[in-house]
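Below: one structure, written as structure tokens.
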Amino acid sequence: MNFETLEFKREGNIGILTINRPKALNALNAQVIQDLKSFLTQVKSEKGLRALILTGSGEKAFVAGADIKEMESISAADAKQFSENGQIVFQEIEDLPIPTIAAVNGFALGGGLELAMACDFIVATKTAKLGLPEVSLGLIPGYGGTQRLARYCGKGVARMMTLTGDVFTADQCAIWGLVTMVTDPTELIPTCLKLAASISKRSPLGVALAKKSINQGYDLDQTAGMSLEAKLFAEVFASADKKEGVAAFLEKRAPNFND
Ligand code: CAA
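In my numbering, the protein residues as written are 115 to 373.
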């Protein structure tokens, strides 16, 4: 895979995707959004990939937001399309069957935090800074921030972070449930690789359907969510993974799950 603004590498069955515009603190310009779109098409046919880590290039930023220089020339008439275009790409990330981990290595602001929240969970360094500063620019979040942040942290924290436009430490965001784990900077990628390694040992179908059940069930009422879970439970029950996982347990050996 070859992209102007992204780097993709594999460590066995784990992928690492790096947003690579360090001079602009990895800001999301149209090229990054286009490259992410192409990446998402291609990654679906990557053989044996079990988890994906997303991070930013350099020491300073995960992603410092949508590209402000580019936004200067976007007309009000084009703004809805601009927002929807990013939302569609981020939704595709959220909907990937393989788990995604945001490895936040510095500033995750505006569109950067919105990208991190489209991942399944966020691991951040102690020095990372997170926020939705759009109101300082006379804007509001446009890549899903007003929707996903409330689902992560509840409406009170979401309103406080979004309406102040302030930037917060990873430790503070962990207290609110936005950040799942906080590490030393040197431990960020090893920690994410360790989490991804655990995921990659599990049943790929089980992982994909558990993710689907949480994500799709979250916006349903509890009864409808239970019904979705029972349907997916029956689906996984009919699979080769269930047969192998249960047999391996009974035979006291490690399971061998295939894609
Ligand atoms: N877009 C475009 N370029 C950006 C950028 C962005 N979001 N963030 C940083 N850069 C560029 C700077 O312009 C600068 O480029 P030059 O060297 O060419 O001047 C370079 O990256 C380094 O940035 P700074 O010199 O500003 O670095 P700093 O250490 O002084 O400050 C920062 C770092 C606090 C992150 C600051 O860069 C900043 O506030 N960036 C903007 C953050 C922001 O407002 N993000 C939200 C964008 S709007 C959005 O995302 C809308 C949406 O929901 C879709």
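Each residue gets a CB set at the ideal place from its N, CA and C atoms; glycine is no exception.
Beta-carbon gap between residue i and residue j smaller than 8 Å
i           : j           : result
residue 212 : residue 167 : no
residue 121 : residue 134 : yes
residue 228 : residue 257 : yes
residue 287 : residue 237 : no
residue 224 : residue 179 : yes
residue 128 : residue 324 : no
residue 117 : residue 159 : no
residue 321 : residue 328 : no
residue 281 : residue 243 : yes
Residue span of the beta strand (DSSP E) that contains residue i, given as start and end
i           : result
residue 265 : Residue 265 -> not in any beta strand (DSSP E); alpha helix (DSSP H) instead, spanning 259-267.
residue 119 : It is not in any beta strand (DSSP E) - residue 119 carries neither H nor E in the DSSP assignment.
DSSP state of residue i mapped onto helix, strand, coil
i           : result
residue 274 : helix
residue 243 : strand
residue 309 : helix
residue 144 : helix
residue 359 : helix
residue 254 : coil
residue 188 : coil
residue 153 : helix
residue 289 : helix
residue 176 : strand
residue 303 : helix
residue 133 : strand
residue 372 : coil
residue 159 : coil
residue 139 : coil
Which residues DSSP lists as bridging residue i, in chain order
i           : result
residue 225 : None; residue 225 has no bridge partner.
residue 238 : 218, 296
residue 282 : 244
residue 165 : 128
residue 170 : 133
Range covered by the alpha helix (DSSP H) that runs through residue i
i           : result
residue 352 : Where residue 352 is concerned, there is no enclosing alpha helix (DSSP H), given that its DSSP letter is neither H nor E.
residue 322 : 318-332
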